[in-house]
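Here is the structure we will look at.
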Amino acid sequence: GDNNEFSNLLNIYSKDICDNLIKIDYKEDYITIKGYLGNEKILRSNRKNQIFFVNGRVVKNRIFYSATDEALKEKVMVSKYPFIILDITVNPEEVDVNVHPTKAEVKFSDDRFIYNHIYNAIYSSSKVSGMEDESKNIEPLKEEYEKMSFIKPTEFIEKPIKMTLREEKKEYNKEFDVVDTPKFEALVPKAKEPSKPYIVEDKKEMVVKKEEKVKDYKIIGQLFSTYVVIEKEDKMFLLDQHAAHERLLYDKIRKEYENKNIISQKLLMPRTIRLSPTEYSIAIENLEVFSGLGFDISVFSDNELAVREIPFELGINELTDTVLEIIEIIKDNKKSLITYKQEKALHTLACKSAIKANMNFSDYELEKLVDDVLNLQDANTCPHGRPLFVSYTKYEIEKHFKRIT
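So the sequence shown is residues 455 to 859, counted in the working numbering.
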C-alpha cells in the first residue's frame with residue numbers, strides 16, 4: 455500500500471526528501487506510470503536521484519531525461535535536476551532489453567509513445583500539486599515530439615519582451631559619504647533570521663569619501679528579472695545576474711578560506727537537519743570540512759544534526775540544501791584530500807548564497823553588481839563554467855534588422 459511505499463522510501467532517503475515528494479499515479483491505454491517527483495525544494499546539480507524502472511527493471515534511456523526536462527522546464531532552473539523515481543509498466547513486446555550487455559539500457563519500438571506519456575504523467579502531477587511555476591500558460595505536450603527542438607515564430611509576436619527600465623542619471627562627479635558596515639564580529643546578534651542582501655565588498659570600520667566617476671556604460675534595465683541589459687561603447691551585454699554574483703561571492707569566499715577567515719553568523723536558534731543514515735555518517739566523519747567553510751555543526755540525535763553557525767553570505771532558506779549538496783560532494787570524492795573536498799564545496803556555497811533568477815533590484819544594487827563584475831580580472835565564467843554574459847555589437851544588431859548590409 456501507499457504507507458508501505460513511503461516507509462520504504464524513508465529507509466533509503468532522508469525525511470527532508472520524503473516530505474517534499476509529489477506522488478505520480480498515471481494510467482492510460484497500454485501504459486501505467488507510478489512513482490514520486492520531488493518539488494522545487496529538493497533540486498540537485500546532477501541526475502543521481504533520477505531512477506527509472508521499466509517492467510520492474512532499473513534501466514536508462516535518453517527519452518526519460520528528455521521528457522522529464524521538457525515537462526518541468528518552466529519550473530526548474532537550468533543545470534538543476536529534480537528528484538524522480540518512476541515505475542513504468544508497458545507491454546514487454548514494446549521493449550528491447552538486449553541493447554546493452556548488462557541490460558541496463560533499453561530501446562522502445564515507439565519512442566514518441568513513451569516520451570509523450572512520461573511527459574504528461576510528470577506535467578499533470580506537478581500541475582495538480584501546485585509546484586511553483588514560472589509561467590501559467592503552458593499546455594501539456596500532445597504529439598509534438600518531433601518538433602520539440604523548434605520554436606514557433608509566432609511566439610515572438612504573442613509574448614512581448616518584459617523589461618524593467620531604469621531612469622538614466624544625469625548628474626555625475628558628485629561627492630557623497632559611504633558608510634560601510636562594521637565588522638560582523640562586533641555586532642550583537644539581532645532577533646531575526648539572516649537575510650540575503652547583495653554584499654560582496656569587505657567591511658571596514660571607517661567613513662570614507664569617494665568621488666563618483668563618470669560611468670563608461672549605461673544600464674538599460676533587467677530582462678525577465680534574470681539578466682541585466684548593459685550598453686557599453688558599441689556593444690550590448692546581457693549579464694546573468696546569478697552567475698555574476700556567484701563568481702563574485704566565490705572569489706570573496708575563496709580569499710577568506712585561504713586566509714582561514716571565513717565570516718560566520720550565529721543563528722538565533724539552532725536549526726536541525728534530519729538525514730538518511732548514510733548522509734549522517736558522511737557528515738559526522740567530515741565535520742572538519744564544514745568547519746572550514748564557516749559552519750558550526752554538531753550531533754543532535756540519531757541521524758539528525760544541529761547547526762548553530764552558518765557562513766555569513768548564506769541565507770537560512772538555503773541551509774538544508776547546501777548541507778546536502780556538500781555531503782554529496784564528499785561522497786563523490788571519498789579518496790580526495792580534505793582541501794579538494796572543501797574547494798568543491800566552495801563552489802556550492804557560492805552558488806547557494808548568490809542572488810537568484812526572477813529577482814528585481816534597485817538602481818544602486820544593479821550598478822554595484824555591474825561595477826564589481828567589470829572589475830573582475832580575467833573571469834568570464836561562474837565557478838561551474840557557465841558564461842557571465844553574452845555580447846552583441848551594434849553592427850551585429852543593425853545587420854540583423856537589415857539597416858546595413
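Ideal Cβ placement from N, Cα and C applies to all residues, glycine included. Note that the structure is a prediction, hence the values are computed from the model and not measured.
Beta-carbon gap between residue i and residue j smaller than 8 Å
i: phenylalanine 507; j: leucine 540; result: yes
i: glutamate 700; j: proline 837; result: yes
i: tyrosine 569; j: isoleucine 487; result: no
i: histidine 452; j: isoleucine 780; result: Nothing about residue 452 can be read from this structure; the chain reaches only from 455 to 859.
i: phenylalanine 815; j: phenylalanine 691; result: no
i: aspartate 470; j: arginine 725; result: no
i: valine 544; j: valine 513; result: no
i: lysine 689; j: aspartate 670; result: no
i: leucine 703; j: glutamate 742; result: no
i: asparagine 740; j: isoleucine 707; result: no
i: tyrosine 467; j: asparagine 500; result: no
i: glutamine 719; j: isoleucine 764; result: yes
i: lysine 495; j: asparagine 474; result: yes
i: glutamate 827; j: alanine 698; result: Here residue 827 turns out to be valine, not glutamate, going by the sequence shown. Yes.
i: isoleucine 476; j: leucine 491; result: yes
i: leucine 823; j: valine 682; result: yes
i: glycine 839; j: glutamine 796; result: no
i: glutamate 852; j: isoleucine 858; result: yes
i: tyrosine 573; j: glutamate 528; result: no
i: valine 549; j: asparagine 493; result: no
i: leucine 759; j: isoleucine 770; result: no
Per-residue burial, residue i [other beta carbons within 10 Å of its own, 16 or more giving buried]
i: aspartate 694; result: buried
i: alanine 558; result: exposed
i: arginine 566; result: exposed
i: aspartate 479; result: exposed
i: valine 761; result: buried
i: lysine 798; result: buried
i: isoleucine 716; result: buried
i: lysine 806; result: buried
i: threonine 802; result: buried
i: glutamate 440; result: Shown here, the chain extends from 455 to 859; a query on residue 440 therefore has no answer.
i: threonine 522; result: buried
i: serine 580; result: buried
i: leucine 800; result: buried
i: glutamate 772; result: buried
i: asparagine 515; result: buried
i: phenylalanine 744; result: buried
i: glutamate 547; result: exposed
i: serine 730; result: buried
i: phenylalanine 855; result: exposed
i: leucine 820; result: buried
i: leucine 778; result: buried
i: phenylalanine 678; result: exposed
i: threonine 774; result: buried
i: threonine 835; result: exposed
i: glutamine 831; result: exposed
i: threonine 776; result: buried
Assumed close pair residue i, residue j - CB separation to whole angstroms, cut-off 8 Å
i: alanine 811; j: methionine 531; result: 6 Å
i: leucine 497; j: isoleucine 576; result: Not confirmed; about 14 Å, so no contact.
i: histidine 571; j: glutamate 482; result: 6 Å
Cβ of residue i within 8 Å of any chain C Cβ
i: glycine 510; result: Among the protein chains of the structure shown there is no chain C, as only one such chain exists.
Any non-hydrogen atom of the ligand HEM closer than 7 Å to residue i Cβ
i: valine 508; result: In the structure on display, the ligand HEM does not appear, and there are no ligands present to speak of.
Any beta strand (DSSP E) of 3 or more consecutive residues that is wholly inside the stretch 706–755: 718–728 and 750–755
Ranges of the beta strand (DSSP E) found wholly within the stretch 504–562, counting only runs of at least 3: 504–508 and 538–544
Start-end ranges of the alpha helix (DSSP H) lying completely within the stretch 791–843, minimum 4 residues: 792–807 and 817–828
In chain order, each alpha helix (DSSP H) run of at least 4 residues that lies wholly inside the stretch 478–505: none
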